[in-house]
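In what follows, a structure is listed as C-alpha cells, so that the remarks can point back to it.
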Amino acid sequence: MRLIKASQQVMRMLVEDARVQGAAAPTLLHPDFHIRNIFVSADDPTIITGLIDWQSTSVEPAFIYANETPDFATPPEEPEEEMPESGQSEQKSPEMRERERKDALICYQTYNVCMKGLVPKVREARPLDPSLFRVFQYCHMSWRDSAAALHQELIELSARWTELGLQGACPFSPTEQELKEHAQNYEDFETVQRLKLWLKSALHTDSDGWVSNAQWDAARDAHRAVYDQWIETARESESDSEGLTVEKADKLWPFDAR
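Structural data, given as C-alpha cells:
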C-alpha cells in the first residue's frame with residue numbers, strides 16, 4: 001500500500017513538470033509491434049498485409065510509447081552469464097552473429113527514424129530521460145514486472161530527483177531497512193529477467209512463452225529439459241544456507257509450464 005501511495009504522490013509531482021506535459025499529447029498507437037503480430041506478403045516481404053492484436057489499443061500519453069522497441073528492431077543481446085544447454089540452441093559462427101547484429105542495427109535505426117518522422121507526437125518524448133516516465137508506465141506493467149521493478153524505479157528516481165531538474169523534494173524517501181529488503185527482492189527480479197531473456201532466445205519464444213505450432217514439440221521438450229536442470233542445480237546448492245533452494249528456484253521460473 002505504501003508503494004502505491006508513494007507512486008501516486010510522485011506522479012502528481014511529475015505531471016507538473018513542463019517536459020512531461022510537453023511529451024504527454026494524447027496518442028493512439030498500436031501497443032505491440034512485434035513480429036508475431038505483423039503479416040507480410042509471401043511474394044514481397046516489404047508489403048504488410050495485416051496487423052493483429054489491437055484489443056489493448058487505447059489513447060495514451062505519447063511518452064508511454066516513446067521508448068518501446070519491438071523485437072524486430074532490438075539488437076541481439078548476449079546473456080550475462082553462462083546458461084545450461086537447452087538442446088535446441090544452435091551454435092552460430094562469428095560471421096553469422098556479426099551479420100545478424102548489423103541487420104538488427106539497421107532495423108533499429110530505421111524504426112527510430114520512422115517513429116521520429118511519422119509519429120511527431122512521440123518525437124517530442126523520445127529524446128527525454130526515460131526516468132521521467134517509467135513510473136507512469138508501471139501503471140499497466142506492474143502486474144507483469146512485479147512490485148520490485150516499480151520499487152527500483154522509485155528508488156532511482158528519488159536518487160536522481162535533483163539531477164533531473166525536478167522541483168521540490170521527492171515524496172518517496174526509502175529507509176535503510178527498506179533498501180536492504182528491496183535489494184534481495186530486486187536481485188530475484190533480475191534473475192528472472194536474465195533467465196527469461198535466455199529462454200526466449202534458446203526456445204525461440206517471446207515473453208509470454210508463445211511458440212509456433214511447428215516448433216511446439218521441440219520447444220516443450222527443450223523447456224522441460226532446461227527446467228529439470230535448473231531445479232537440479234538448485235537442489236545441489238540447497239546445502240548452502242545462502243544458496244538457491246528448490247522451492248525458490250521453482251518460484252523464480254518465468255513460465256507456468258513445468
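Under UniProt numbering, the first residue of the sequence shown is numbered 1, with each subsequent residue one higher. Think of the CB as a built atom: it goes at the ideal place given N, C-alpha and C, for glycine as much as any other residue. What you are looking at is a predicted structure, and each value in this text was computed from that prediction instead of being measured.
- Three or more Cβ pairs drawn from the region 51 to 63 and the region 25 to 41 lie within less than 8 Å of each other, which places the two stretches in contact.
- In the structure shown, residue 117 falls within a helical segment according to DSSP collapsed to helix, strand and coil.
- Two segments are said to touch when three or more pairs of C-beta atoms, one from each, lie closer than 8 Å; by this definition the region 232 to 248 does not touch the region 195 to 203.
- Under the DSSP assignment, residue 40 falls in the beta strand (DSSP E) whose first and last residues are 38 to 40.
- In this structure, DSSP gives residue 22 a helical state, which the three-state scheme calls helix.
- Contact between residue 157 and residue 170 holds, since their C-beta atoms are separated by about 7 Å, short of 8 Å.
- Counted as a single uninterrupted DSSP element, the beta strand (DSSP E) harbouring residue 60 occupies residues 59 to 61.
- Listed in chain order, the non-local C-beta contacts of residue 11 below 7 Å within the same chain comprise 135, 136, local neighbours out to five positions each way being set aside.
- Boundaries of the alpha helix (DSSP H) around residue 150: 142 to 160.
- Residues of the same chain with their beta carbon placed closer than 7 Å to that of residue 68 are lacking, with the five preceding and five following residues left out of the count.
- One alpha carbon belongs to residue 217, the other to residue 225, and they sit about 12 Å apart.
- Cβ-Cβ distances below 6 Å link residue 209 to 255 in the same chain, with the five nearest sequence neighbours on each side left out; the list follows chain order.
- Contact between residue 65 and residue 113 does not hold, since the beta-carbon distance rounds to 16 Å and is not under 8 Å.
- Residue 253 is classed as buried because its beta carbon has at least 16 other beta carbons within 10 Å across all chains shown.
- Between the alpha carbons of residue 19 and residue 115 lies a gap of roughly 19 Å.
- Here the C-alpha atom of residue 189 lies approximately 43 Å from the C-alpha atom of residue 43.
- In this structure, residue 219 places its C-beta atom within 7 Å of the C-beta atom of residue 211.
- Beyond the five residues adjoining it in sequence on each side, residue 61 comes within less than 6 Å, by CB distance, of 24 in the same chain, given in chain order.
- Within the same chain, Cβ atoms closer than 7 Å to the Cβ of residue 164 are found at 129, 131, 132, the five residues on either side in sequence being excluded.
- In the assembly as shown, residue 93 is an exposed residue. Its beta-carbon has fewer than 16 other beta-carbons within 10 Å.
- Residue 257 is not a Cβ neighbour of residue 231, given a cutoff of 7 Å.
- The straight-line gap separating the alpha-carbon atoms of residue 120 and residue 51 is approximately 21 Å.
- When secondary structure is reduced to three states using DSSP, residue 164 falls in the coil class, being assigned neither helix nor strand.
- Assignment of beta-bridge partners to residue 48 by DSSP yields 40.
- Taking the Cβ atoms as the reference, residue 101 lies roughly 6 Å from residue 75, within the contact range of under 8 Å.
- In this model, residue 46 and residue 144 are separated by some 33 Å (Cα to Cα).
- Boundaries of the alpha helix (DSSP H) around residue 185: 176 to 203.
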